[in-house]
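Written out below as structure tokens is the structure these notes cover.
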Amino acid sequence: MKKYLLILILMFGSFSFVFAQNGQRAEKIQELKIAFITQKLQLTSAEAEKFWPVYNSYDNEIRQLRASNKNGDVLENEQKLLDIRKKYKPSFEQILGAQRANDVYNAEREYRNVLIRQLKEQRQARQK
Amino acid sequence: MKNNTSDIINELKTVSPFLAGIEKVNVFKVPKDYFIDLDTKILTSVFLQQVEKNESQQVPTGYFDSLSDRILSKIKNETPLTAIDEIKQISPALHYLKEEQVFTVPENYFDNLSDRILDKIHLKKAKVISLNPVKKVWKYAAAAVIAGIVTISSLQIFNQKTGKEKIAASYIQVARQYKTPQKLDEGIASLSADEIAKYLEKTGTVLDEDALVKDTDTTNLPSTSDYLTDENALDNFLNSINSKSTNTQ
């Protein structure tokens, strides 16, 4: 009995370990951003396969910066943010070409604008 | 010399007039005729002491010559005691006890003794616990641990290898949920104000707060599909605003 228990515990341990890594699901707003960028850049599936891993690490880096420097110097944080965006530009260019690499950053900004518009529309709708 | 003594006396007078004033008298006395025959007196007393010493440590002549023989012959002459006599001397009570065997043993008592004892003890068979099962458990445990480590590490490596592909696949799949601009619009419309506000706040930069703060007429802001269909949507929008403001000015 003991041995079976031990084996079971070990198996569950390893499974939970593996599942824990796959368990993250993006928020809806994040999913929409991905869809927006995909459509904006008109990514082919071959491009998407190369582009998203790079974008993922870019996005993670920015998220880490935001999480770690919440109360830091604002301008310095902006500078770091800019550094990260500059750092990834060549990688994006390699996959998408210069113009569309530029559009990656545009698309991000535009998505924000779309959201802002949505937010304001909702507020105005409430005021009426 | 005379000068010296007078000098000394003078000095003494200056140092201690009291000492100088004391009369010169010999304070030690000797008994009358003390030194007459003093040497003979001393010698006789020393001699007497020596004589006394000699007498006290004298040994009969030839005492040690045959000492060992004499001791041995004395021992030999003594008749040795028998064991009984000795006991008689040491403990008369024991000696007068009858020399009899007091303990008796039934006949053939020792012939089948061990069998009889074993018969009396009804031997129950003890539970036999062999060492093997314990070893087996440990074998299984070790195997399980190793297997666990191997699977975990291999999965880890596997994940690393396919990590990029996985990420790409998940992104592509997410994008597929909102394939057309219309669907994207619907998705964005379904977001709650809270959600959007939180996201904008979380990911905001100094550069793009203007659009949030300014009370621009949002109905004219390019919509999602405008952005997607027209490359210059934002530029057009900004231009239109600029031309408006210049007109009003």
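The listed protein sequences derive, respectively, from chains A and B.
Note that this note's numbering has the first sequence beginning at 1, numbered continuously upward.
Note that this note's numbering has the second sequence beginning at 1001, numbered continuously upward.
Even glycine gets a Cβ: it sits at the ideal position worked out from N, Cα and C.
Can you tell me where the alpha helix (DSSP H) with Tyr-177 (chain A) in it begins and where it stops?
-> There is simply no residue 177 (chain A) to check, as chain A begins at 1 and stops at 128 in what is shown.
Would you tell me roughly how many angstroms separate the C-alpha atoms of Thr-1061 (chain B) and Leu-1067 (chain B), rounded to the nearest one?
-> For the purposes of this step, residue 1061 (chain B) is taken as residue 61 along the second sequence, with counting starting at 1. For the purposes of this step, residue 1067 (chain B) is taken as residue 67 along the second sequence, with counting starting at 1. So the two alpha carbons sit approximately 12 Å from each other.
Please classify Thr-38 (chain A): does DSSP put it in a helix, a strand, or coil?
-> The residue given as residue 38 (chain A) occupies position 38 in the first sequence. In the structure shown, Thr-38 (chain A) sits in a helix (DSSP, three-state: H, G or I).
Measure how close the beta-carbons of Tyr-111 (chain A) and Lys-33 (chain A) come, nearest whole angstrom, since I'm counting them as under 8 Å.
-> As a first step, residue 111 (chain A) is located in the first sequence; it is residue number 111 there, counting from the start. As a first step, residue 33 (chain A) is located in the first sequence; it is residue number 33 there, counting from the start. Sure, about 5 Å apart at Cβ, within 8 Å.
Would the beta-carbon of Thr-1203 (chain B) fall within 9 Å of that of Arg-66 (chain A)?
-> Locating residue 1203 (chain B) in the second sequence gives position 203, counting from the first residue. Locating residue 66 (chain A) in the first sequence gives position 66, counting from the first residue. Taking 9 Å as the Cβ cut-off, Thr-1203 (chain B) and Arg-66 (chain A) qualify as a contacting pair.
Report, in whole angstroms, the separation of the C-beta atoms of Leu-41 (chain A) and Arg-126 (chain A), which I expect to be a contact under 8 Å.
-> One-based indexing of the first sequence puts residue 41 (chain A) at position 41. One-based indexing of the first sequence puts residue 126 (chain A) at position 126. Distance from Leu-41 (chain A) to Arg-126 (chain A) at the Cβ level is roughly 34 Å; contact not present, criterion being Cβ atoms closer than 8 Å.
Is the region 1168-1182 of chain B close to the region 41-57 of chain A, with three or more CB pairs under 8 Å?
-> Below 8 Å, enough C-beta pairs join the region 1168-1182 of chain B and the region 41-57 of chain A to call them touching: three or more.
Residue burial classification, Ala-107 (chain A) (beta-carbon count within 10 angstroms, cutoff 16) | For the purposes of this step, residue 107 (chain A) is taken as residue 107 along the first sequence, with counting starting at 1. Burial call: buried.
Anything in chain A within Cβ reach of Gln-1177 (chain B), meaning under 8 Å, just list it in chain order.
-> By 1-based counting over the second sequence, the position of residue 1177 (chain B) is 177. Those within 8 Å of Gln-1177 (chain B) in chain A are Glu-31, Ala-35.
Pick helix, strand or coil for Gly-1021 (chain B), following the three-state DSSP scheme.
-> Mapped onto the second sequence, residue 1021 (chain B) falls at position 21. If DSSP states are grouped into helix, strand and coil, Gly-1021 (chain B) belongs with the helices.
Ile-95 (chain A) at chain B interface by Cβ criterion, 9 Å | As a first step, residue 95 (chain A) is located in the first sequence; it is residue number 95 there, counting from the start. By this cut-off, Ile-95 (chain A) is not an interface position.
With Asp-59 (chain A) as the anchor, note down where its alpha helix (DSSP H) starts and where it stops.
-> Within the first sequence, the letter at position 59 stands for residue 59 (chain A). Per DSSP, Asp-59 (chain A) belongs to the alpha helix (DSSP H) from 45-68.
So, does the CB of Gly-23 (chain A) fall closer than 9 Å to a CB anywhere in chain B?
-> Numbered from 1 along the first sequence, position 23 holds the residue referred to as residue 23 (chain A). Residue placement at Gly-23 (chain A) is poorly supported in this model, since its pLDDT is 38, which falls under 50; the coordinates are not used for a value here.
Starting from Thr-1203 (chain B) and walking both ways along the alpha helix (DSSP H), at which residues does that stretch end?
-> Locating residue 1203 (chain B) in the second sequence gives position 203, where the first residue counts as 1. Thr-1203 (chain B) -> alpha helix (DSSP H) spans 1193-1203.
Straight-line CA distance for Ile-1084 (chain B) to His-1095 (chain B)?
-> Here residue 1084 (chain B) corresponds to residue number 84 of the second sequence, with the count starting at 1. Here residue 1095 (chain B) corresponds to residue number 95 of the second sequence, with the count starting at 1. Rounded to whole angstroms, Ile-1084 (chain B) to His-1095 (chain B) spans 7 Å at the Cα level.
Under 9 Å, do Ala-1197 (chain B) and Phe-51 (chain A) count as touching if we go by C-beta distance?
-> Locating residue 1197 (chain B) in the second sequence gives position 197, where the first residue counts as 1. Locating residue 51 (chain A) in the first sequence gives position 51, where the first residue counts as 1. Their beta carbons are not under 9 Å apart, which means Ala-1197 (chain B) does not touch Phe-51 (chain A) by this criterion.
Let me know the beta strand (DSSP E) ranges lying completely inside the region 1076-1161 of chain B, each 3 residues or longer, listed in chain order.
-> none
Got a sec? Which residues, its chain only, sit under 8 Å from Leu-1019 (chain B) by beta carbon, not counting five neighbours each side?
-> Sequence index remark: in the second sequence, residue 1019 (chain B) carries index 19 (1-based). Closer than 8 Å at the Cβ level, and outside the excluded window around Leu-1019 (chain B), lie Leu-1012.
CB-CB length for Glu-31 (chain A) against Gln-1177 (chain B), believed under 8 Å = Reading the first sequence from its first residue, position 31 is the one you call residue 31 (chain A). Reading the second sequence from its first residue, position 177 is the one you call residue 1177 (chain B). Yes, Glu-31 (chain A) and Gln-1177 (chain B) are in contact; Cβ-Cβ is about 7 Å, under 8 Å.
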